[in-house]
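Position 73, counted from 1, in the sequence shown is what UniProt numbering calls 73; the numbers after and before it change by one each time, with no gaps. Glycine included, C-beta positions come from ideal geometry on N, C-alpha and C.
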Amino acid sequence: MKRIYACLCIVAVLLGVAFYSSWRVQKFAEDISDDIDDAMEAIRDEDLPSARQALAEGAELCDKMREGMNHLLRTQDFTELEAALRAADGHLELNAPEEAFGELRRAQVQVETLEWLSRRLV
């Protein structure tokens with residue numbers, strides 16, 4: 001009987017960890033989508049400093065997720081997303097908004113993929 005309870009506890013813990021990591025990724029996806037949308041809107045309004053600020057916040061968020069959730073999640077996705085945001089920032093620094101839009105669109109696809117995978121896990 002004790003083994004059954006132990007197995008049930010292990011299953012409950014594993015489900016709890018799965019739900020928690022899924023929730024964290026979904027919240028991250030919402031936050032990073034907001035940053036990307038803010039950056040795209042600022043680029044359309046030709047407000048490059050605001051766009052660069054939004055991109056910096058998004059890249060910092062990716063870095064925190066990669067470092068904080070590396071024991072639960074695959075960090076390659078966060079690294080690629082951070083690289084896309086930093087590349088978009090580099091394009092804005094060189095005054096190339098069209099290239100920045102391309103990187104932001106790539107980042108949006110990566111965020112949507114992360115969100116879809118997190119919903120599929122649980």
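(Q) For Thr-79, report the span of its alpha helix (DSSP H) as first-last. (A) The residue given as residue 79 occupies position 79 in the sequence shown. Note, Thr-79: alpha helix (DSSP H), 76–93.
Under DSSP, the alpha helix (DSSP H) around Glu-60 begins and ends at which residues?
On the sequence shown, position 60 is the one that residue 60 refers to. First-last of the alpha helix (DSSP H) with Glu-60: 48–68.
What does the alpha-carbon distance come out to for the pair Glu-112 and Ala-54? Indexing the sequence shown from 1 puts residue 112 at position 112. Indexing the sequence shown from 1 puts residue 54 at position 54. For Glu-112 and Ala-54, the distance between alpha carbons rounds to 18 Å.
Quiz prompt | Three-state secondary structure assigned by DSSP to Ala-96 | solution = Numbered from its first residue, the sequence shown carries residue 96 at position 96. Reduced to three states, the DSSP call for Ala-96 is coil.
ask   = Near Arg-66, which residues of its chain fall below 8 Å by C-beta distance, leaving aside the five closest residues on each side in sequence?
value = Within the sequence shown, numbered from 1, the residue matching residue 66 stands at position 66. Around Arg-66: Thr-75, Phe-78, Thr-79, Glu-82.
* With burial defined as no fewer than 16 other Cβ atoms inside 10 Å of the residue's Cβ, what is the status of Arg-52: buried or exposed? -> As a working mapping, residue 52 is identified with position 52 in the sequence shown. Looking at its Cβ environment, which holds 16 or more other Cβ atoms inside 10 Å, Arg-52 is buried.
Quiz prompt | Whole-number beta carbon distance between Glu-115 and Gln-26, since they are thought to touch under 8 Å | solution = Reading the sequence shown from its first residue, position 26 is the one you call residue 26. Reading the sequence shown from its first residue, position 115 is the one you call residue 115. Their Cβ separation, rounded to whole angstroms, is 6 Å, which keeps Gln-26 and Glu-115 in contact under 8 Å.
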